[in-house]
Every structure is written in structure tokens, then in C-alpha cells.
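In the UniProt record's numbering, the protein residues as written are 1 to 156. Glycine is no exception: its CB is placed at the ideal position from the N, C-alpha and C atoms. What follows is a single structure, written as C-alpha cells, with notes after it.
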């Protein structure tokens, strides 16, 4: 029987990154707190910081896609509106708002991806509703402000 052996505390930080991420993270935080910058695993630290930024952007794009798709469904299929759709609209507005509140500089990114993300949402709405893609406007019929407005719901 093999017993789990945690990585050695004496491993170089760069090796620890691949073997025990959480321990690497704890040691990195401690090195930063104690201002021991020479021992930092700079390459992996930079990679992790960049990854955090990409993750925030992906979250905004994903939530926007779902939000736009449900707003389209809400607008184009009024007879099928449900509390589930409304809940999804509210949930994804909250998620986007929290991301933008935590990182206001991502508002520009939100605006930058708005039109392209609408195109993806348009395709998804077509598939989910069974309506022809041509039914949905080529350009987003809503402004970014309307999309984020908690009190706004599109007319049919």
C-alpha cells in the first residue's frame, strides 16, 4: 500500500508549482509578505496573475452571452416566458455587475466584446427557440446600458 507523501518543503518553488499548487501559493504569498522577492518563482507568478485577468474577462463574456440569449428569448417568445428565464436574466446581470464593480477597468472590455458576443447569443437563441436565425436582428436591438439595467426587460 502506497501512502500519500506531500511534496518536500525543500523543493524549489518552481518545482513545487507543478507538484502542489496550494503549497506553492502559500509560500509565494509568504515570500511577498516578507518582501523576500529574490526567492519568488517569477515566471509562474506572472503566469498566474495573467491568468487571473483572462479568467475575469472570460467570466464577463460568458455571462454576457447567456444574458443576451435570455433577453432575446424573452423578447421573441413572450408566450414562453418563465420565472426560470427571468431568474437567469437577473442572475447574469448580478454576476456581470459584480465583476465590473470589482474591476471597473473591465467596463471597456465589456463594451468592446458586446457586439461580437451578441452574435454568439443570437445563434444560441435561434437554436434554443427553434426560430430562424433571420428572425433575430443582425445588430443588437438593446444598448449595453439596457442589458445591465436591473429594471429593463425587452418588449415583444
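I'd like the list of long-range same chain contacts for residue 66, defined as Cβ closer than 6 Å, with 5 residues on each side in sequence excluded. The answer, listed in chain order, is 92.
Judging by CA-CA distance, which residue of 79, 18, 64 is the nearest neighbour of residue 116? Comparing Cα-Cα distances from residue 116 to each of 79, 18, 64, the minimum goes to 64.
Quick one: is residue 27 buried, meaning 16 or more other Cβ sit within 10 Å of its Cβ, or exposed? Looking at its Cβ environment, which holds 16 or more other Cβ atoms inside 10 Å, residue 27 is buried.
Just the C-alpha distance for residue 34 and residue 42, rounded to the nearest angstrom, thanks. Distance between residue 34 and residue 42, taken at the CA atoms: about 16 Å.
CB residue 73 to CB residue 121, shorter than 7 Å? Contact check for residue 73 against residue 121 fails: the beta carbons are separated by 7 Å or more.
Express the C-alpha separation of residue 141 and residue 156 in angstroms, rounding to a whole number. So the alpha carbons of these two residues sit roughly 12 Å apart.
Selection from 84, 29, 56 that minimises the alpha carbon distance to residue 105: Closest by alpha carbon: 56.
Can you tell which of 114, 38, 16 has the C-alpha that lies nearest to the C-alpha of residue 58? The shortest Cα separation from residue 58 among 114, 38, 16 belongs to 114.
What are the start and end residues of each continuous alpha helix (DSSP H) run of 4 or more residues lying completely inside the region 34-103, in chain order? The region 34-103 contains, as complete alpha helix (DSSP H) runs of 4+ residues, the segments 42-76, 83-102 (chain order).
Helix, strand or coil at residue 155 according to DSSP, with G and I counted as helix: When DSSP states are grouped into helix, strand and coil, residue 155 belongs to the coil group.
Does the distance from the CB of residue 25 to the CB of residue 16 come in under 7 Å? No, Cβ-Cβ distance for residue 25 and residue 16 is not below 7 Å.
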